[in-house]
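Everything on this sheet refers to the single structure shown next.
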Amino acid sequence: MTSTSPLRKTTAPACHGPAEQAPADAGTPRIALLGSPNSGKSTLFNLLTGAGSTVGNWPGTTVAVGRGRWQVGGTDVEVLDLPGAYSLQARSPDEELTRDLVAADGAAPPSVCVVVTDAAHLTRSLYLVAQLREQPLRVIVALTMVDVVRRRGGRLDPAALAVAIDCPVVVTDPRARQGAAALAAAVSTALDSAVPQPRINRGADDLSRADDRFTWIQSALVAADGTLDDSPTLSDRIDRVLTAPFLGMGAFLAVMWLVFQITTKVAAPLQGALDAFFSGPVSRGGSWLLGALGLGGTWVESLVVDGLIAGVGMLLTFVPLMTIMFALLAVLEDSGYLARAAVVTDRLMRRLGLPGQAFLPLVVGFGCNVPAIAATRILPHARQRLLVTLLVPFTSCSARLTVYLLLAATFFPAHAGTVVFAMYLASLVLVVGVGMLLRRTLWRAMPNEPLVLALPPYQRPTWWVTSTVTWRRLRGFLQTAGGIIVATVIVVWVLQAIPVGATGSFGHVAPRDSVYGAVAQGLAPLFDPAGFGGWEIVSTLFVGFVAKEAVISSWAQTYAVAQPTSVSDPGSLGHHLIDSFTAASGGHAAAAVAAFLVFLLAYTPCVATLAAQKREVGLRWTLAGLVLQLGVAWVLAVVVFQIGRLLT
Amino acid sequence: MSPAATGAVSGVLSALEGGAATVHEAAHRAGVSLELAELAIDTLIRMGRIDATTLATGCPSGGCRTCASGVADQPGCGASAPSPARQGPVLVALRLRPPD
């Protein structure tokens with residue numbers, strides 16, 4: 001509408017304060033504007049009432065309602081701009097107020113309900129119309145966005161729609177100030193008419209009543225020739241492959257294999273350069289500085305250079321590897337692919353009888369098990385939470401990745417990426433296998449509810465999101481691992497410095513003759529059947545019990561050698577490892593390493609995970625889980641070695 | 649299940665109960681348009697037949713404070729409701745529950 005409009009705008013009474021508003025004068029017709037958010041309702045309200053309108057909280061609520069005066073056919077009417085609502089079945093305080101204010105049996109039902117209806121989303125908008133038509137109310141549909149529908153090539157016949165829904169339909173375009181006159185005429189006519197008979201909904205319960213409304217909507221759409229572009233998008237076509245039961249799983253495995261291949265191939269030379277820097281100039285600089293301070297050749301130099309500098313340096317050599325892996329995962333996440341992977345995983349878990357929602361904590365577990373345990377709270381049933389809490393430690397966290405890489409590069413240098421990928425695959429198999437075992441023994445009856453995912457469309461990953469997410473995860477890894485490694489290096493150094501018996505003095509004893517070595521030698525025979533019963537190998541499992549991040553640095557301390565030059569060229573540490581595994585396995589080193597990797601994957605991730613489990617499920621189940629992890633790890637390691645020994 | 653025999657909302661509900669994993673799949677199984685399926689799911693949520701929960705697929709770019717699994721006063725994974733400050737890609741999970 002323009003300045004030629006026949007409508008005269010009037011100013012709202014002064015008593016309509018900004019906080020609360022007084023009711024309209026008795027006898028003044030009340031016109032309620034309803035509609036979904038962003039349907040153009042408030043723009044239409046401003047067009048009808050102009051500058052004289054006010055916005056304030058409805059009495060007794062914190063919900064804002066616009067009120068104004070509008071003259072229709074010589075009669076002053078009050079216009080209410082009600083909060084946006086999709087339905088009279090309210091989900092928010094705003095929708096509750098809208099429902100209450102238009103209730104036909106309420107204190108002051110509106111004289112006319114004008115439903116601002118977005119033609120571009122007609123299906124959704126008509127549900128509110130359907131609910132209103134079932135009440136003794138005068139209803140007018142103000143149809144907006146018709147131009148948008150026609151620009152998109154769609155069709156819509158407002159006159160036919162009016163006949164189908166049995167109420168007036170007025171085409172308006174509030175942004176272009178058009179349609180107000182026609183709407184005023186329709187409102188005036190409605191005010192002069194009796195309240196129409198409500199539409200009869202033949203449903204017997206809420207579900208069948210909703211079905212009845214949908215049938216009414218579909219009939220109206222057909223009658224109005226309302227066409228919608230429901231053809232599959234590019235995302236839909238891609239999803240037909242990536243979320244298909246078998247193809248989707250194959251694609252997921254292929255993507256993850258590619259991630260580990262890229263990670264291992266690209267990171268290797270960068271790691272070599274970093275390690276050369278720490279084991280060369282930095283270590284020499286540390287020795288020189290301590291020598292200048294008169295501490296050269298003492299236990300202080302051993303602790304600082306062989307322990308702290310080497311340990312922290314080792315951690316920093318993994319920065320390129322973790323950066324690449326975190327960046328690739330961030331790209332997958334930002335592109336929308338991980339949501340598809342969740343669909344595939346969820347479907348698999350449900351078919352195996354495991355709770356579908358468990359995929360979220362398990363996905364988190366591949367980063368770190370501690371927040372994954374906390375994430376089990378999303379599961380609705382206590383039994384589901386307990387089951388998934390026991391399964392999370394079998395997901396391979398990023399801390400275990402460094403050990404996989406070192407051993408894969410040492411023993412299987414040509415296939416390091418594939419070995420790491422196989423460990424993640426083994427992790428999935430473990431989760432599913434142990435889950436099915438528990439489901440069929442301890443928890444035969446467990447509620448299992450479907451999960452439906454609204455997949456976001458694919459999008460081009462952005463540098464900003466990818467770099468931000470990568471940096472946050474890398475920083476978290478470095479902060480956690482850095483603190484753990486420094487603390488563990490010191491504790492391991494102290495335990496290795498305390499002699500057992502009369503074989504030396506503090507700080508001057510071979511690791512084998514220290515407290516550290518003695519404990520490891522006492523437990524090593526337990527692992528003989530698994531092929532890695534050497535005390536040097538077993539000792540690192542204790543450290544790994546505290547935190548997997550410190551496994552490699554403790555090995556390096558044990559062998560009293562420099563840290564590996566890089567994960568793809570493990571240098572002298574690698575040679576020591578080959579010797580130890582070969583000796584412990586009777587010449588079947590490859591089988592023993594495979595068994596060790598499986599044990600490392602399956603046994604307790606770290607004490608922080610145990611603490612998280614205790615917080616969520618209590619001490620009794622935490623201890624039961626601990627026994628389960630150690631038992632499964634030991635049995636699998638023995639099986640892998642015994643079978644591997646026959647094959648190698 | 650044919651929506652003509654049972655109605656669009658019942659058809660979508662049956663599709664969900666039958667294991668449809670995405671809204672697209674539910675629409676396909678129920679034989680309705682995607683827009684109608686989305687409206688049916690919204691209606692089912694309002695009726696209390698299913699629950700909707702916003703989930704995070706991974707750590708968000710804004711840190712734990714913005715995690716979809718957290719709330720403003722209880723950031724991080726596993727909190728009881730989505731954080732209003734959540735950012736990044738999220739999933740909507742629909743959990744079937746019996747009618748009241």
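So the sequence lines, in the order shown, correspond to chains A and B.
First residue of the first sequence: 1, per the working numbering; consecutive thereafter.
First residue of the second sequence: 649, per the working numbering; consecutive thereafter.
C-beta: ideal position from N, C-alpha, C; glycine also.
Cβ-based neighbour list, residue i, same chain, cut-off 8 Å, excluding 5 preceding and 5 following
i, result
"A/Pro-367", "According to the sequence displayed, residue 367 of chain A carries Gly and not Pro. Within the same chain, A/Gly-367 has close Cβ partners Cys-397, Ser-398 and Arg-473."
"A/Asp-334", "Gln-459, Pro-461, Thr-462, Val-465, Thr-466 and Val-469"
"A/Thr-345", "Phe-252, Phe-359, Leu-362 and Val-363"
"A/Pro-605", "Asn-369, Pro-393, Cys-397, Ala-399, Arg-400 and Lys-548"
Residue i (DSSP reduced to helix, strand or coil)
i, result
"A/Ala-224", "coil"
"A/Arg-645", "helix"
"A/Gly-336", "coil"
"A/Val-632", "helix"
"B/Ala-729", "Note on B/Ala-729: pLDDT 45, under 50, position unreliable in the model; the coordinate value appears next. Three-state result, B/Ala-729: coil."
"B/Ile-698", "strand"
"A/Val-116", "strand"
"A/Thr-395", "coil"
"B/Thr-670", "strand"
"A/Pro-320", "helix"
"A/Pro-499", "strand"
"A/Asn-38", "coil"
"A/Phe-412", "coil"
"A/Phe-366", "coil"
"A/Pro-136", "coil"
The beta strand (DSSP E) enclosing residue i, as first and last residue numbers
i, result
"A/Gln-178", "Careful: A/Gln-178 lies outside any beta strand (DSSP E) and carries neither H nor E."
"A/Gly-35", "30-35"
"A/Gly-66", "64-72"
"A/Ala-142", "139-144"
"A/Val-509", "Segment: none, A/Val-509 is in no beta strand (DSSP E) and carries neither H nor E."
"A/Val-79", "75-81"
"A/Val-170", "169-171"
Minimum Cβ-Cβ distance from residue i to chain B less than 8 Å
i, result
"A/Gln-479", "no"
"A/Leu-207", "yes"
"A/Ser-427", "no"
"A/Ser-396", "no"
"A/Ser-42", "no"
"A/Ser-87", "yes"
"A/Asp-225", "no"
"A/Thr-144", "no"
"A/Ala-652", "Any question about residue 652 of chain A goes unanswered here, given that chain A covers just 1 to 648."
"A/Leu-390", "no"
"A/Thr-622", "no"
"A/Thr-215", "yes"
Residue-chain proximity (residue i, chain A), Cβ-Cβ < 8 Å
i, result
"B/Ser-662", "no"
"B/Ala-678", "no"
"B/Ala-685", "no"
Limits of the alpha helix (DSSP H) - the one that residue i falls within
i, result
"A/Arg-152", "A/Arg-152 -> no alpha helix (DSSP H), and no H or E assigned at all."
"A/Val-593", "589-602"
"B/Val-657", "656-665"
"A/Ile-200", "That residue, A/Ile-200, is in no alpha helix (DSSP H); it is neither H nor E in DSSP."
"A/Val-241", "234-242"
"A/Val-538", "535-546"
"A/Ser-283", "283-292"
"A/Ile-309", "Segment: none, A/Ile-309 is in no alpha helix (DSSP H) and carries neither H nor E."
"A/Arg-460", "No alpha helix (DSSP H) holds A/Arg-460; DSSP gives it neither H nor E."
"A/Gly-296", "Counting along the chain, A/Gly-296 falls outside any alpha helix (DSSP H), and DSSP gives it neither H nor E."
"A/Leu-379", "Taken as a continuous stretch (DSSP letters only), A/Leu-379 belongs to no alpha helix (DSSP H), as it is neither H nor E."
6 Å CB neighbourhood of residue i in its chain, flanking five on each side removed
i, result
"A/Ala-595", "Ala-530, Gly-531, Ala-637, Val-640 and Phe-641"
"A/Glu-536", "Thr-558 and Ser-580"
"A/Ser-568", "Confidence in A/Ser-568 is poor, its pLDDT being 48 and thus under 50, which makes the residue's placement unreliable; the coordinate value appears in the next sentence. The residues are Ala-268 and Ala-409."
Neighbourhood of residue i by C-beta distance below 7 Å, restricted to the same chain and skipping five residues each side
i, result
"B/Ser-658", "none"
"A/Glu-134", "Pro-198, Arg-199 and Asn-201"
"A/Thr-98", "Leu-34, Leu-82, Pro-83 and Ala-85"
"A/Leu-221", "Leu-122 and Thr-123"
"A/Val-593", "Leu-407, Phe-411 and Phe-581"
"A/Pro-525", "Gly-533"
Requested in this report: Give, in chain order, every residue of the stretch 235-266 of chain A whose Cβ lies closer than 8 Å to some Cβ of chain B.
Outcome: Asp-236, Asp-239 and Thr-243
Requested in this report: Using a Cβ-Cβ cut-off of less than 8 Å, give me the residues of the stretch 337-350 of chain A that come near chain B, in sequence order.
Outcome: Leu-338, Ala-339, Ala-342, Val-343, Asp-346, Arg-347 and Arg-350
Query raised in the report: Residues in the stretch 115-128 of chain A with C-beta within 7 Å of chain B's C-beta atoms, listed in sequence order?
Result: Thr-123, Arg-124 and Tyr-127
Requested in this report: Output, in sequence order along the chain, the residues in the stretch 90-112 of chain A whose CB is closer than 7 Å to any CB in chain B.
Outcome: Arg-91
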